[in-house]
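For the sequence shown, my numbering assigns the number 260 to the initial residue and increments by one for each residue that follows. Backbone N, C-alpha and C define an ideal beta-carbon position, used for all residues, glycine too.
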Amino acid sequence: MILNDLKLPPGYSERDLLQLIKKKMRPSKEPVRSVEILKKSIDARKKPEVRVVLSVLVNEPHPLKQKCVPEPVFSEAEAPMKESFRTAVVGSGPAGLFAAIKLLRSGVSVTLYERGDALEERIPAVDRFFETGDLDPESNVQFGEGGAGTFSDGKLNTGTHHGLNADVFRLFYEFGAPEDVLYDAKPHVGTDVLIGIVKRMREEILSFGGLIRFRSKLTDVERVNEGVRLTINGTETEQYRFLILSVGHSARDTFEMLQRRGFTLEQKPFAVGVRVEHLQENISRNQYGDAWEQLPPASYKLTGKGTEERGVYSFCMCPGGYVVNASSEPGRLTVNGMSYRNRDGVNANSAIVVQVRPEDFPDGDPLSGVRFQRALEEKAYRAGGGKIPVQRFQDFVLGKKSVSFGKIRPETKGAFSFGDLNEVFPDYLSESLKTAIPTFGKSIPGFDDPDILLSAVESRTSSPVRIVRNASGEAAGFPGVYPAGEGAGYAGGIVSSAADGLRSAGEIIEKIRSLIHG
Ligand SMILES: Cc1cc2nc3c(=O)[nH]c(=O)nc-3n(C[C@H](O)[C@H](O)[C@H](O)COP(=O)(O)OP(=O)(O)OC[C@H]3O[C@@H](n4cnc5c(N)ncnc54)[C@H](O)[C@@H]3O)c2cc1C
């Protein structure tokens, strides 16, 4: 039995919940043997009357706690055919990992190639970068086992828990994500928990006979009669029947190679801007009123307008988190946000970004958006002297470098220094930010406080390029090649990228079935 709209005060006890369930079940006298939470959200519209709102399932198992067990593709008699359908997956981010697990559980043999390191080497490389600025262009916050998502906030935001998204949540839960990701309105894992999940997924892949090759960069792809020939690290070649290209939004050299090889690429709009930091307590007080201490750190979602009617909005908000130096190329600096499971940092941060359009790019070339990003990242690198450039909002408006901090100090992963962010952005972007942020102060008092901190540049909100694919998900003109995830330009964020990976795996499984059974 499902019971909806159960309203409870913050800090409610199990006993409070049980009593409310029994009251809602009346006149039924059925004993309550189990309670599964299906949905949980916080309703703070009538402060100070803040309520936790639940939907629960009584005496039935949670639908997302069931293990994903796909049908095997090959019967025993067909097993010898497996080798002729060998599949390569390039990129071990959410798209690649979820695709590899689905294919292997269905009996398809998979080799996973990852240009970066396994976590055991990647984590120290990233820590060294945060401490010393010594960047490894192949193993960093963007590249390496688990992909860009590993050093993230691990927000599993998605509009729906249906279809492939449901499978994504099932797999996250199966590999160790906390139960509340299955029902929280704003599910969140945290980078510390994500690392464990990625390791368990690696073990699962190996346990099914999957091969994982780290420090193995795809440097070339050629069509061959039945499938593709891959070149790894410029030297080694290997042939596969199918290929899932799940390289993420920062694989710029790979996009260039694909363009040279005749893949159809197209420009894609995205957004760029700054990371903004506030005191988390101020955000929580504002969002929840006096009840703030009994509730998890609050988040916000803001949208507004900049100059030229450009959309300006908050993106990837990290309560109790850190601003991260998420760079992957020497001499270029990009920021992002992350937090740990308990989100206990003193600052709240989010990206405040402005829409950019193909007409803003230098030219019509499909990779022009990449050049646009690179130009901003070079300016950010210079503005901060190689460190994260930080500026008080008031000084940004006045166009002068800050010399001291006010109420808020930066909470960063990676060194920071004072810089004038007006040097980073073309006028239409900095003016859009100066126009929109004060309007956000109307929704959240103090959002535009002179002391709030801005850092730059948030340039990789999504992929600036799309690898065009046909109705069956294959790259146009490259049968058997399936671009997937954020880098393909059809997904954004952890959940939709993982779901896109599952979709590509599903396409390959159907293709094999049709080839076997005609
Ligand atoms: C700091 C940070 C915080 C984030 N926070 C969140 C969040 O809280 N919630 C959310 O939903 N999203 C978040 N994101 C975005 C999210 O991480 C991505 O949307 C998601 O990881 C995309 O998944 P993907 O598998 O498509 O690509 P990626 O995760 O980018 O993985 C691609 C992989 O391919 C590898 N690769 C690239 N080129 C090659 C090649 N030529 N050969 C071999 N391997 C290659 C890369 O090394 C990488 O490991 C965050 C991103 C960052 C950087």
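Asked	Found
Beta strand (DSSP E) containing D302: first to last residue?	V294 to D302
Nearest-angstrom Cα distance between E733 and T346?	14 Å
How should H217 be labelled, buried or exposed, when 16 other C-beta atoms within 10 angstroms of its C-beta is the threshold for buried?	Because the chain is modelled from 260 through 777, residue 217 falls outside the range shown and cannot be assessed.
May I ask you to report which of helix, strand or coil DSSP gives A557?	coil
Relative to the C-alpha of A695, which residue among K660, G532, E380 and A743 is closest?	G532
Contact between the stretch 523–542 and the stretch 697–706: three or more CB pairs below 8 Å?	yes
Can you give me the C-alpha to C-alpha distance between P709 and N681, rounded to a whole angstrom?	16 Å
State the DSSP-derived secondary structure class of P290, mapped to helix, strand or coil.	coil
Since A530 contacts V612 with CB under 8 Å, what's their CB separation in whole angstroms?	4 Å
Report the partner residues of T346 according to the DSSP bridge assignment.	V369 and F501
Do you know offhand how far Y372's Cα is from K476's?	7 Å
Is M260 helix, strand or coil when you go by DSSP?	coil
Please determine whether the Cβ atom of N601 lies at a distance below 7 Å from any heavy atom of ligand 1.	no
Return the residue from the list C575, P320 and C327 that minimises the CA-CA distance to E433.	C327
Which two residues bound the contiguous beta strand (DSSP E) that contains I280?	Run containing I280: none in the beta strand (DSSP E); it sits in the alpha helix (DSSP H), E273 to M284.
Closest to Y499 by CA distance: which of T370, D624 and H537 is it?	T370
Rounded to whole angstroms, how far is the Cβ of A747 from the Cβ of R725, which I believe are closer than 8 Å?	7 Å
Counting C-beta neighbours from all protein chains within 10 Å, is the total for T391 16 or more, i.e. buried, or is it exposed?	exposed
Near S763, which residues of its chain fall below 6 Å by C-beta distance, leaving aside the five closest residues on each side in sequence?	A358, I503, G732, Y741 and A743
Contact check, P555 vs Q632 under 8 Å by CB: the rounded distance?	That belief does not hold up - the Cβ atoms of P555 and Q632 are roughly 33 Å apart, past 8 Å.
Only counting the same chain, and skipping five residues up and downstream in sequence, which positions put a Cβ closer than 6 Å to that of G435?	G455, I456 and R459
Which stretch, first to last residue, makes up the beta strand (DSSP E) that contains R725?	V724 to I726
By Cβ distance below 6 Å, which residues in the same chain neighbour S718 in space, the five residues on each side in sequence not counted?	V531, T593, Q632, L635 and E636
Using a Cβ-Cβ cutoff of less than 6 Å, which residues in the same chain neighbour L356 once the five nearest sequence positions on both sides are dropped?	M460
Counting only runs of 3+ residues fully inside the stretch 528–553, write out the beta strand (DSSP E) ranges in chain order.	529–538
Any idea which residues DSSP pairs E495 with across the strands?	I491
For L713 and N399, what's the separation of their Cα atoms in angstroms?	23 Å
So does the stretch 571–582 actually touch the stretch 380–394, counting three or more Cβ pairs closer than 8 Å?	no
First and last residue of the alpha helix (DSSP H) that includes P625?	Premise fails: P625 is in no alpha helix (DSSP H) and is neither H nor E.
Taking the beta carbon of T409 as the centre, do at least 16 other beta carbons fall within 10 Å, making it buried, or is it exposed?	buried
Can S351 be considered in contact with ligand 1, in the sense that its beta carbon sits closer than 7 Å to one or more heavy atoms?	yes
Using a threshold of 8 Å, state whether the C-beta atoms of K299 and A425 are closer than that.	no
So what's P617 in DSSP terms, helix, strand or just coil?	helix
Figure out for me which residue from T698, F522 and Q650 has the closest Cα to the Cα of A738.	Note that residue 738 is Pro in the sequence shown here, rather than Ala. Comparing Cα positions, the closest option is F522.
If you check the beta carbons only, do Y547 and V291 fall under 8 Å apart?	no
Would you kindly work out how many angstroms separate the C-alpha atoms of G406 and S287, rounded to a whole number?	50 Å
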